[in-house]
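2 protein chains.
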Amino acid sequence: MNREERITLLQEKANRLRLHCLRATTAAGSGHPTSCLSAAELVATLFFHVMRYDPKRPDHPGNDRFVLSKGHAAPLLYAAWAEAGAFPPEQLLDLRKFGSIFEGHPTPRFPGALVATGSLGQGLSMATGMALAGKRVAQAPWRVYALLGDGECAEGAVWEAAAFAAYYKLDNLVAVVDVNRLGQSQPTMYQHDTTTYARRFAAAGWQAFEVKGHDLRQILDAFDRIAQVKGQPAALIARTLKGKGVSFLEDKEGWHGKAVPRDDLPKALAEIGVNENPGGTVEIAPPSPVRPLPAPTGRMEEPNYQPGQKVATREAYGAALVKLGRVNPRLVAVDGDVKNSTFAEIFTQAFPDRFFECFIAEQNMLGVAIGLAATGWIPFASSFAAFHTRAYDFIRMAAISRANVKLLGTHCGVSIGEDGPSQMGLEDIAMMRAVPGSVILYPADAVAMERMVAEAADHQGIVYLRASRPKTPVIYPNSERFPIGGAKVLRRSDRDRATLVAAGVTLYEALAAHDELAKQGIPVRVIDAYSVKPIDRATLLEAARATANTLIVVEDHYYDGGLGDAVLSALAQDGIRVVKLAVQEVPMSGKPEELLDAAGLSARHLLATVKKLPGS
Amino acid sequence: MNREERITLLQEKANRLRLHCLRATTAAGSGHPTSCLSAAELVATLFFHVMRYDPKRPDHPGNDRFVLSKGHAAPLLYAAWAEAGAFPPEQLLDLRKFGSIFEGHPTPRFPGALVATGSLGQGLSMATGMALAGKRVAQAPWRVYALLGDGECAEGAVWEAAAFAAYYKLDNLVAVVDVNRLGQSQPTMYQHDTTTYARRFAAAGWQAFEVKGHDLRQILDAFDRIAQVKGQPAALIARTLKGKGVSFLEDKEGWHGKAVPRDDLPKALAEIGVNENPGGTVEIAPPSPVRPLPAPTGRMEEPNYQPGQKVATREAYGAALVKLGRVNPRLVAVDGDVKNSTFAEIFTQAFPDRFFECFIAEQNMLGVAIGLAATGWIPFASSFAAFHTRAYDFIRMAAISRANVKLLGTHCGVSIGEDGPSQMGLEDIAMMRAVPGSVILYPADAVAMERMVAEAADHQGIVYLRASRPKTPVIYPNSERFPIGGAKVLRRSDRDRATLVAAGVTLYEALAAHDELAKQGIPVRVIDAYSVKPIDRATLLEAARATANTLIVVEDHYYDGGLGDAVLSALAQDGIRVVKLAVQEVPMSGKPEELLDAAGLSARHLLATVKKLPGS
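Order-wise, the sequence lines are chains A and U.
Residue numbers for the first sequence, in my numbering: 1 to 616.
Residue numbers for the second sequence, in my numbering: 1001 to 1616.
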């Protein structure tokens, strides 16, 4: 096929994509057809000329990857796969129906969506993670294409990803920006000034190309040049018209997120002028040859600590990551310039090819992790617990993506001491509990942390590991196991007058309170609730029943949403009384022990709380 | 004083700042002296040559504003105010002590810190908000200076702010970037490549100046030129050395966040070579003349709805904002390109000079709001509830800043329907509950929303208003009041067999369930828990006591951390049973009513739940 024939066919494909998008959104009565129409030529060129993939196997490991960062153009994504032959186009009319895989914004329930998008400005980070996996981890030949809207380029995460991708010289990554000028509620910041987008990408280290985004000759030429770019990622900045192809939609305000009314659809379709039975066939290049991902080679080395040895759980995290990395070649790690505090640094030294410094850009770090996970790797992303809050929207979307990512949050709570409240993770449990399907593990000692790193890697889904800054004595034997959903009853007797539920640093306060109370003849039960979510309901309930239906929960976290609420929620229908000891206001700088005491979390306060219980 | 004399004096000031920072951090035994030393000439020039302010009145409204975005250089901020005469420098030795205002990272407990910093990459947004307040709202002559580290320029929020400030032509804003090459754990992405920083700022629309950051002649020349910049913000990109002035610290890795050991301090101080009794005096220019902020002029117009009228609460938000804006000239609003969905658009049309479109960049939107609040305005920031998660770290820091910001989150829950999970705010209550001191209001109808907007404006601190997408019938009389901390008992009898606690859209499901159960002879109580935080414990407890110590809580939010947990927490020690009906897994696209039913939140499920209660 010569170039002109190809252009004719691609234009027909573009128009067929437009047709599908208009029909499906009108049938649904909602959606974003105009945001699809602007990108029809771009997507037609990607799916029917540029990308190598198997339309029948969207999960083929040798496929080029496509990320629809502008997720509201979901119908265009679905239409492209349909036109490629993945399924009959008639199915597109199920768009937005309950139970359909064609959701309003893409989720992996649609096999052609490797990640969920629709929270804008995230797709480039995920695509960057995939490109990193391809180029740096797997050394595979497949390439990654992300389609961005112009409006979403206002999101800082786009520029985090841009800087990161250039730093790692990801020349297997292409960003296509659909500059259709119109946002949801008004024109975008730069409108049709494609030069500013190009300058910003170039300043971040990309090779940028400006084209007219409905001119297939220009688009094809640009992709030819992009294929030659080496040592840096490429951006195609395309000047387009929102609603392109339909006179009453084209470049018009007030049409964002609106389906064409049923009565106007025939006119719109007529203007698109689709040839329903085009001559000629577009051939899609097959996936690249790839090696299978490496498999685990054995079991992780056991913990090896001395009882009483003082080790910070974050230090045990680093140690465990190295041990696990030795036997599981799929393990990779990222960090946001705190690797000497999170101890991810040890992994970096052991496996320099499987660690990627993300610098101080936690959103992109999460996006990269999601991208790595979407290509089969098991990413551990470490930062201060407080700074994972920066990426909460990415974490939220990771759950919708069903992403297999692991987070370590260190420096939780007031026990970090002098650095002050901005560095204290005090809402991290609340934040992570609200993520559907998440697991939250909070080890108190080094043995527990090592075991939980292994549990996290084995579990399919989002796992959050909470680590403390201070060194804490080893209290568990090296053989101890910490299954997800468990708890440890560390002190118990048949005469217990109260139960203390703790985790992390507060467990040591609870143990100290236990010892002092024992001296005073008041036996109490102590539970290490290391699995905050899911939580060990049976153990908690048994303890509560044994101690006057009351539990005292002490945690280095804000009062709302933490371990105390997790306990309450698990026992919501059991009529249990829970005394919550937690951080009630913004803390200050100070020594860890001063701050734990000021927040009412120290052994002294536990003692007083036990003594104030009715019947004590 | 001629230029050479000024330079001599500024160099002395810079060295005295170094001396204070080294002494204070060594006394504290922790801190970030090397990050202070790199910026000593920059800060000395700002505080003793460039800025106009009253050192004795850091809250003077005519002061130029300074934001230390690189918050870990806190000792430098404190030292600058001390050297300016705000307090005796000896007090600096209280750094990082419990109770001291000189915290590890700045908080407004130190009067010279207008906002809390220390979560990196946020300061430029806050400074931008202040500059916006000065130039666009107050038309005041004072200027705003933000000191950024190079490492934090990896944060996307910096580039959100950069684009925004250029869009609004904030030529009263200056960013000073201390390019000291070294991050916490390794060299930064661009190391000493100041040209890349300059290019990125220039591409975003700034006038950028590169200087050697320890050369006072270059710094002074650059500030002279910056004073002439019109129509765009200015960036001073300064090549510096971390640890500058002390041979064993200068440009050395491994010294981030470490105090000089006590024994090495004399050597370090000797190398700084401070003249403890300098000749000559630096005169600080006084604050600019300013008009006082405008005061409220009257009471907000009452709601005016018909019973049963169907109005979305988000629509009532827009209406209320306009009414309030008419009588309170301090009210300003921002939105992230969803103002036609949040109905902030109505305010925009009524008060175009008091609304600022932030485009799709929610982090910067929050930072701008914090900056507006820090200059005395009352900002309302609206977006989809789901997209406020993007700004969680800014919200976290807003609490530490004691910022008087108001958030509206619309499109909460599965009841948005077809757009799918990425657009549904399902963790927003959990997120906002964990913010210390926050207020969460969740109106069910238009009257309630209008009243709550007024409550939010009157309350000092962070208020989150939760709004739904669907239209809901007006159920409250126009005269009804909704104080923070209250609840409404909408249905009650002396024979109630159960209590349904709901809010927002689920309140209508509860009312429908009530009516159906009444037909079946089963009276139930219905409570509108519109104030999620603080919650009306007394009303909930009374209802629980009246209905077998049991409450059924139904909410359009994920299962963990929402209204159900808020109820449990309020009644934690009362032995109450709570049945939580909430969203248990990632939802799909579908019709609102389909999704509410699929999640188990519809009247039908409430009915079944009541009937399953013991004794029913």
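For each residue, glycine too, the CB sits at the ideal point set by N, CA and C.
As the structure is a computational prediction, the values presented were derived from the model and not from experiment.
- Contact between Ile395 of chain A and Leu372 of chain A fails: their C-beta atoms lie close to 15 Å from each other, not under 8 Å.
- Listed in chain order, the non-local C-beta contacts of Glu1362 of chain U below 7 Å within the same chain comprise Gly1336, Ser1383, Phe1387, His1388, Arg1390, Ala1391, local neighbours out to five positions each way being set aside.
- If you ignore the 5 residues before and after Thr1034 of chain U, its C-beta comes within less than 7 Å of the C-beta of Lys1242, Gly1243, Leu1249, Trp1255, His1256, all in its own chain and listed in chain order.
- Boundaries of the alpha helix (DSSP H) around Glu1271 of chain U: 1265-1272.
- A check of alpha carbon separations from Leu76 of chain A across A:Asp59, A:Arg65, A:Phe102, A:Tyr53 identifies A:Phe102 as the nearest.
- Contact annotation: the region 108-115 of chain A does not touch the region 147-163 of chain A, with fewer than three C-beta pairs closer than 8 Å.
- Secondary structure at Val1338 of chain U: coil, using DSSP grouped into helix, strand and coil.
- Judged by pairs of C-beta atoms under 8 Å, the region 119-129 of chain A touches the region 67-75 of chain A, as three or more such pairs exist.
- Straight across, the Cα-Cα distance linking Tyr1558 of chain U with His1411 of chain U is about 14 Å.
- Contact annotation, Leu1511 of chain U with Leu1540 of chain U: C-beta distance approximately 18 Å; criterion of less than 8 Å not satisfied.
- Residue pairing by DSSP places Glu5 of chain A in no beta bridge whatsoever.
- By the 16-neighbour rule on beta-carbons within 10 angstroms, Arg1143 of chain U is buried.
- Take the alpha-carbon of Asp565 of chain A and the one of Leu93 of chain A: they are about 44 Å apart.
- Taking 9 Å as the threshold, the shortest C-beta distance from Asn180 of chain A to chain U does not fall below it.
- At least one CB of chain U lies nearer than 9 Å to the CB of Phe387 of chain A.
- When only Cα atoms are considered, Arg314 of chain A and Phe380 of chain A end up about 13 Å apart.
- Restricting attention to alpha helix (DSSP H) runs no shorter than 4 residues, the region 1366-1412 of chain U encloses them at 1385-1388, 1392-1400, ordered along the chain.
- For Glu1283 of chain U, no beta strand (DSSP E) encloses it, and the DSSP letter there is neither H nor E.
- For chain U, the residues of the region 392-419 of chain A that bring a beta carbon within less than 7 Å of one of its beta carbons are Tyr392, Asp393, Arg396, Met397, Ala399, Ile400, Glu418, Asp419, in chain order.
- Among the residues of the region 108-119 of chain A, those with a Cβ less than 8 Å away from any Cβ of chain U are Arg109, Ala116, Thr117, Gly118, Ser119, in the order of the chain.
- DSSP, reduced to helix, strand and coil, places Ala1116 of chain U outside both helices and strands of the structure shown, so it counts as coil.
- Those residues of the region 186-201 of chain A placed with their C-beta closer than 8 Å to a C-beta in chain U are Gln186, Thr188, Met189, Thr196, Arg199, Arg200, ordered along the chain.
- In the DSSP annotation of this structure, the continuous segment of the alpha helix (DSSP H) that includes Ser35 of chain A starts and ends at 33-37.
- Listed along the chain, the chain U residues whose CB falls inside 9 Å of the CB of Ser38 of chain A amount to none; the nearest CB is some 16 Å away.
- Near chain A, meaning a CB-to-CB distance below 9 Å, the residues of the region 1240-1256 of chain U are Gly1254, His1256.
- At least one CB atom of chain A sits nearer than 9 Å to the CB of Gln1584 of chain U.
- By the Cβ-count criterion, Ala608 of chain A is exposed, with fewer than 16 other Cβ atoms from all chains shown falling within 10 Å of its own Cβ.
- Burial check for Thr297 of chain A: the Cβ neighbour count within 10 Å stays below 16, so the residue is exposed.
- Counting only runs of 4 or more residues that sit fully inside the region 1507-1584 of chain U, the alpha helix (DSSP H) segments are 1537-1546, 1563-1570, in chain order.
- Counting along the chain, no beta strand (DSSP E) covers Tyr1305 of chain U, and no H or E run does either.
- Only those residues of the region 528-551 of chain A whose C-beta falls short of 9 Å from the nearest C-beta of chain U are listed: Lys533, Asn549, Thr550.
- For the 9 Å CB-CB criterion, Val1177 of chain U and Ala1113 of chain U do not form a contact.
- Taking the beta carbon of His1105 of chain U as reference, the chain A residues within 9 Å of it are Asp419, Gly420, Pro421, Ser422, Gln423, Ser589, listed in sequence order.
- Less than 9 Å divides the Cβ of Ala1080 of chain U from the Cβ of Leu1017 of chain U.
- In the structure shown, Asp1094 of chain U adopts helical secondary structure according to DSSP, grouped into three states.
- If you look at Gln1207 of chain U, you'll find it isn't in any alpha helix (DSSP H); it sits in the beta strand (DSSP E) that goes 1207-1212.
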